[in-house]
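> One structure, as structure tokens, below. Some questions next.
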Amino acid sequence: MTHTLDRRAFCIAMGLIGLRAASTDARAEDGTIRLGIVAPMSGPNSRYGSFSLRGAQLAAKEINDAGGIGGRKITIISGDSQGTPVEGVSATRRLIDLDKADFIIGDVSSSVTLALQPVVEDAGVLLLNAASSNPKITYGAGAGGFKWTFRNYPTDENRALVVIQYAAEKKGFTKFAVLSVDTDYGRAAVEFTKKYLPRFKGQILTEDYYKEGEVDFRSVLAKIRDSGAQAIIMYGLADTTPIVARQMIEVGVAGKIPLIGNAEFNTESTIKAAPKALEGAIEAAAWLPAWDSPKSKAFVEKFKAEYHGEMPNNHAYVHWETVRLLAKAIEAAGSGDRAKVRDALSKIKYDSAMGEVTFDDHNQARLPMILLEIEGGKPVIKGAYSAEIDYPR
Amino acid sequence: MLTMIAEQIVNGIVSGSVYAIVAVGMTMIFGVLRAINFAHGEYYMLGTFGAWFAIEYLELPYPVAIVIGVAATAVIAVVVGQFVMQRIVGAPPETGVLATLGIALVLQNTVILVFGGGYKFFSGGYIEPVSIFGFTLAEQRVLIIIVCMLVFVGLELMVTYSRFGKAMRAVSQNIECCAVVGIDVPQVALRTFILGACLAALSGVLTAPVNVSVYGGMGEIITFKTLPVIIMGGLGNVRGTFFAAMILGIAESLVATYVGLQFRDTVGFATLMLVLMWRPHGLFSMQARF
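The listed protein sequences correspond, in order, to chains A and B.
Under numbering that gives the first Met the number 0, residues 0 to 392 are what the first sequence spells out, in order.
Under numbering that gives the first Met the number 0, residues 0 to 289 are what the second sequence spells out, in order.
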């Protein structure tokens, strides 16, 4: 008589085997420094995610090729936030619990980063933000609450002020229309613009926000065309800018009403999509390839060599720089212990391609914003501006 | 002031035409298969990807790319239709929902896996603006409106006079009687499905030049925008769908201008709620057909 395995027993046995297989400890065994990169790898922001990951991987490769940090190599693990807070938290949880990441660099979208802060605080994992610009992130960090969050990127408060100041003083614009992305980033940047507008005698005539993934701007652009606005304040997504630019030509505002703000106006392919619409665009960026410093230029060349001639964007640079910053902090701390690295980071004086970086008591790095204008199809840098942030008491 | 409103109405007619072509496919599929095709937007996306691929990698001109986009979608539709859609005929409605949702996920993510998650730039098409009655429109948009008219006239003729059209109407009325009379129901279902998917693909290819961005997830919002249109027009009602699509397009345009761009998407869903509450069989159907 053959014994057939009881179905229940079979399931239990498989379950136990599966559990055993999954519980292999991925950590200390391999001795590497495990760095999780949370970024939007799919969805409307995937362009940023792709550049962010590649910038980080380039930095890790450079450091590992030079022998690692105190002999230990960096392992980069990618997490896909899809640009939404829900998925971002899920990806971070996975990186912390399953992949045993000690340090996390993430996210690009401010909305996601804000959602990640309590998660890493709870787990005691260091979150180094490299690309989100909403000031709330560091209002609530360091002395403001979240001790495990640091940001190595300038904020929108500085950005909004720089843009509106240039537009009003150098260009004489007083009437603006708003067309920004409907996220924490887009809305907050416009809020800050409104805060500084009275100083420059400016006024906002129409205010519209577009959903990520929106493709039809004709109605809004026609409204803006007829409103008498002199410039369009746009804090938006890189992938949407070519669509808006094309439709600006259709509706008849190209060349008459410039775009000001930030949405990767300076990228070559965007300008090529509709040169007439982007002529005279004013942008405040944390970085662009044309920035003239030896370290920056060297980075551009290395990136192009590594990735088949593709030009890096802002996000590639900031993630590259931040991985290197983290490596320096780990070196200064003399160990991979998270608390020691965190302390080393708050005291660090790091020599970056944009100048010396130090963190203030809210774990915010002191960094300038580059102001550029598109002239003759090329971005021309008009200056770099810094500001000390006035934290709410 | 009047020209402003007129311009927005023209914008509305343009977006309405896009919705109309997509929606009529979905409503025909419902009429014959009794299944809401939740993957319908994905065929729109596949058509666009097919055309994009033809332009980027095969370096073919735009008109040829249109044909390739639609053809590629037709091939996929044959496969999906053969293995999935035909089995939905006569099955309980839940089957259709689950099956098409599953297909949507598979198609979306296969495309993202193959081509990557980033946005692609669609470089073909006639985007030069042309002036009509004082309104500037990209030539492509005029093309969309013309194609929409042709599609509906063609469908009207087909459904009324052609053998296939009559078979479609028969299947949508009573499947058992069709079997008695000798109509090959699975074949009709398959062909209707392919026709619907190709129409969606055609809409995608025609809109790609003005929407510029091509990415794997672009079909999802199309599916959700089309649902209010087909319910407003009456499920299975081709003529009703045309008018519903135009109404929705114009309403969206006016809301985007006078209320705010961020409220554009709410129009479709608000309309859906209102129609379901007061006239669930659709604005243009005399009584519920199902």
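Using N, Cα and C, we set each Cβ at its ideal position, and we do this for glycine too.
What separation, rounded to the nearest whole angstrom, lies between the Cα atoms of residue 24 of chain A and residue 93 of chain A?
Walking along the first sequence from the start, residue 24 of chain A turns up at place 25. Walking along the first sequence from the start, residue 93 of chain A turns up at place 94. At residue 24 of chain A the pLDDT is 45, less than 50, meaning the model places this residue with poor confidence and gives no usable figure here.
> Along the beta strand (DSSP E) that carries residue 284 of chain A, what are the first and last residues, could you check?
Numbered from its first residue, the first sequence carries residue 284 of chain A at position 285. It spans 281 to 284 - the beta strand (DSSP E) in which residue 284 of chain A sits, taken as one unbroken run.
> What beta strand (DSSP E) runs, 3 residues minimum, are completely inside the segment 89 to 126 of chain A?
Listed in chain order, the complete beta strand (DSSP E) runs (minimum 3 residues) inside the segment 89 to 126 of chain A are 102 to 105.
> If I measure Cβ to Cβ from residue 312 of chain A and keep anything under 6 Å in the same chain, skipping five residues before and after, which residues do I get?
Working through the first sequence from its first residue, we reach residue 312 of chain A at position 313. Result list for residue 312 of chain A: 50, in chain order.
> Please name the residue, chosen from B/175, B/214 and B/235, that lies closest to residue 114 of chain B on a Cα-to-Cα basis.
Reading the second sequence from its first residue, position 115 is the one you call residue 114 of chain B. Among B/175, B/214 and B/235, the Cα nearest to that of residue 114 of chain B belongs to B/214.
> What three-state label does DSSP hand residue 212 of chain B in the structure shown?
Against the second sequence, residue 212 of chain B aligns to sequence position 213. Three-state DSSP puts residue 212 of chain B in a strand.
> Would you verify that the beta carbon of residue 26 of chain A is, or is not, closer than 8 Å to some beta carbon of chain B?
Taking the first sequence and counting its residues from 1, one reaches residue 26 of chain A at position 27. Here the model assigns residue 26 of chain A a pLDDT of 47, short of 50, so the residue's position is not dependable, and the following value carries that caveat. With 8 Å as the cut-off, residue 26 of chain A does not count as an interface residue toward chain B.
> Shortest alpha-carbon distance to residue 2 of chain B belongs to which of B/132, B/198 and B/195?
Sequence index remark: in the second sequence, residue 2 of chain B carries index 3 (1-based). Comparing Cα positions, the closest option is B/132.
> Taking C-alpha atoms, which residue in B/64, B/82 and B/232 lies nearest to residue 200 of chain B?
Here residue 200 of chain B corresponds to residue number 201 of the second sequence, with the count starting at 1. Answer by Cα proximity: B/64.
> Taking 8 Å as the threshold, find out whether the segment 252 to 265 of chain A comes into contact with the segment 217 to 227 of chain B through three or more Cβ pairs.
No: fewer than three Cβ pairs fall under 8 Å.
> Should residue 299 of chain A and residue 324 of chain A be called a contact, given that it needs their Cβ atoms to be closer than 8 Å?
One-based indexing of the first sequence puts residue 299 of chain A at position 300. One-based indexing of the first sequence puts residue 324 of chain A at position 325. Cβ distance not < 8 Å, so residue 299 of chain A and residue 324 of chain A don't count as in contact.
> So with CB distances below 9 Å, who are the chain B contacts of residue 207 of chain A?
The count along the first sequence starts at 1 and reaches residue 207 of chain A at position 208. Result: 255, 259, 260 and 261.
> Just to confirm before moving on: does the CB-CB distance between residue 264 of chain A and residue 373 of chain A stay below 8 Å?
Counting from one through the first sequence, the residue named residue 264 of chain A turns up at place 265. Counting from one through the first sequence, the residue named residue 373 of chain A turns up at place 374. Yes, these two residues count as a Cβ contact at 8 Å.
> Closer than 7 Å by beta-carbon distance: list the chain B residues that pair up with residue 155 of chain A, in chain order.
For the purposes of this step, residue 155 of chain A is taken as the residue at position 156 of the first sequence. Residues of chain B passing the Cβ test: none, with the nearest at roughly 19 Å.
> Verify the CB distance criterion: does residue 265 of chain B have a CB-CB separation below 8 Å to chain A?
One-based indexing of the second sequence puts residue 265 of chain B at position 266. For residue 265 of chain B, the answer is no, since every Cβ of chain A falls outside 8 Å of its Cβ.
> Tell me the residue span of the alpha helix (DSSP H) that contains residue 365 of chain A.
Numbered from 1 along the first sequence, position 366 holds the residue referred to as residue 365 of chain A. From DSSP, residue 365 of chain A is part of no alpha helix (DSSP H); its letter is neither H nor E.
> Kindly list the residues whose CB is nearer than 8 Å to the CB of residue 204 of chain B, restricted to its own chain and excluding five residues on each side of it in sequence; keep chain order.
Position 205 of the second sequence, counting from 1, holds the residue named residue 204 of chain B. Answer for residue 204 of chain B: 46, 47, 49, 50, 64, 65, 68 and 69, listed in chain order.
> Pick out the complete beta strand (DSSP E) segments inside the segment 303 to 378 of chain A, 3 residues or longer, and give them in chain order.
Taking only runs of at least 3 residues, the beta strand (DSSP E) segments lying wholly in the segment 303 to 378 of chain A are 349 to 351, 354 to 356 and 368 to 374.
> Report, in whole angstroms, the separation of the C-beta atoms of residue 169 of chain B and residue 182 of chain B, which I expect to be a contact under 8 Å.
As a position in the second sequence, residue 169 of chain B is number 170, starting the count at 1. As a position in the second sequence, residue 182 of chain B is number 183, starting the count at 1. With 8 Å as the limit, residue 169 of chain B and residue 182 of chain B qualify as a contact, their Cβ atoms being about 6 Å apart.
> Going by the DSSP bridge assignment, what does residue 207 of chain A pair with across the sheet?
Along the first sequence, read from residue 1 onward, the residue named residue 207 of chain A stands at position 208. Looking at the DSSP assignment, residue 207 of chain A forms a beta bridge with A/178.
> Can you check whether the C-beta of residue 136 of chain B is within less than 8 Å of a C-beta belonging to chain A?
On the second sequence, position 137 is the one that residue 136 of chain B refers to. Taking Cβ atoms only, chain A reaches closer than 8 Å to residue 136 of chain B, which makes this a yes.
> For residue 23 of chain A, which of helix, strand or coil comes out of DSSP?
Mapped onto the first sequence, residue 23 of chain A falls at position 24. Here the model assigns residue 23 of chain A a pLDDT of 49, short of 50, so the residue's position is not dependable and the matter cannot be decided.
> Got a sec? Which residues, its chain only, sit under 6 Å from residue 28 of chain A by beta carbon, not counting five neighbours each side?
Within the first sequence, residue 28 of chain A is the residue found at index 29, counting from 1. With a pLDDT of 46 at residue 28 of chain A, under the threshold of 50, the predicted position of this residue should be treated as unreliable, though the coordinate-derived value follows. Closer than 6 Å at the Cβ level, and outside the excluded window around residue 28 of chain A, lies no residue.
> Could you run through the segment 210 to 239 of chain A and flag, in chain order, every residue whose CB is less than 8 Å away from some CB of chain B?
Within the segment 210 to 239 of chain A, the qualifying residues are 210, 212, 213, 214, 215, 216, 217, 218, 219, 221, 222, 225, 238 and 239.
> If you draw a straight line from the C-alpha of residue 101 of chain A to the C-alpha of residue 342 of chain A, how long is it?
Position 102 of the first sequence, counted from the first residue, corresponds to residue 101 of chain A. Position 343 of the first sequence, counted from the first residue, corresponds to residue 342 of chain A. Whole-angstrom Cα-Cα distance: 15 Å.
> Taking its Cβ as the centre, do 16 or more other Cβ atoms sit within 10 Å of residue 322 of chain A, making it buried, or is it exposed?
Residue mapping note: residue 322 of chain A aligns to position 323 of the first sequence, counting from 1. Per the 10 Å Cβ criterion, buried.
> From residue 141 of chain A to residue 340 of chain A, what does the alpha carbon distance come to, in whole angstroms?
Position 142 of the first sequence, counted from the start, is the residue given in the question as residue 141 of chain A. Position 341 of the first sequence, counted from the start, is the residue given in the question as residue 340 of chain A. About 15 Å.
> Please tell me whether residue 23 of chain A has its Cβ less than 8 Å away from any Cβ of chain B.
As a first step, residue 23 of chain A must be located in the first sequence, where it is residue number 24. Because residue 23 of chain A sits at a pLDDT of 49, beneath the cut-off of 50, its placement in the model cannot be relied upon, and the point is left open.
> Taking CB distances under 8 Å as the criterion, tell me whether residue 49 of chain A reaches chain B.
Residue numbering aside, residue 49 of chain A sits at position 50 when the first sequence is read from its first letter. Closer than 8 Å to some Cβ of chain B, the Cβ of residue 49 of chain A qualifies, so yes.
> Answer with buried or exposed for residue 307 of chain A, where buried requires no fewer than 16 other C-beta atoms within 10 angstroms of its C-beta.
Position 308 of the first sequence, counted from the start, is the residue given in the question as residue 307 of chain A. Burial call: exposed.
> Tell me residue 202 of chain A's beta-bridge partners as DSSP assigns them.
For the purposes of this step, residue 202 of chain A is taken as the residue at position 203 of the first sequence. Answer by DSSP bridge pairing, in chain order: A/174.
> Could you work out which residue in B/40, B/25 and B/41 is closest to residue 34 of chain B when comparing CA atoms only?
Position 35 of the second sequence holds residue 34 of chain B. When only C-alpha atoms are compared, the closest one is B/25.
> Please tell me whether residue 272 of chain A has its Cβ less than 8 Å away from any Cβ of chain B.
Numbered from 1 along the first sequence, position 273 holds the residue referred to as residue 272 of chain A. Interface residue, yes.
> On the DSSP letters alone, give me the boundaries of the beta strand (DSSP E) that residue 37 of chain A sits inside.
Counted from its first residue, the first sequence places residue 37 of chain A at position 38. Its beta strand (DSSP E) spans residues 32 to 38.
> For the segment 247 to 260 of chain A, which residues have a beta carbon sitting closer than 7 Å to at least one beta carbon of chain B?
Residues passing the 7 Å Cβ filter: 248, 249, 250 and 251.
> So what does DSSP say about residue 75 of chain B, is it helix, strand or coil?
Position 76 of the second sequence, counting from 1, holds the residue named residue 75 of chain B. Helix, per DSSP.
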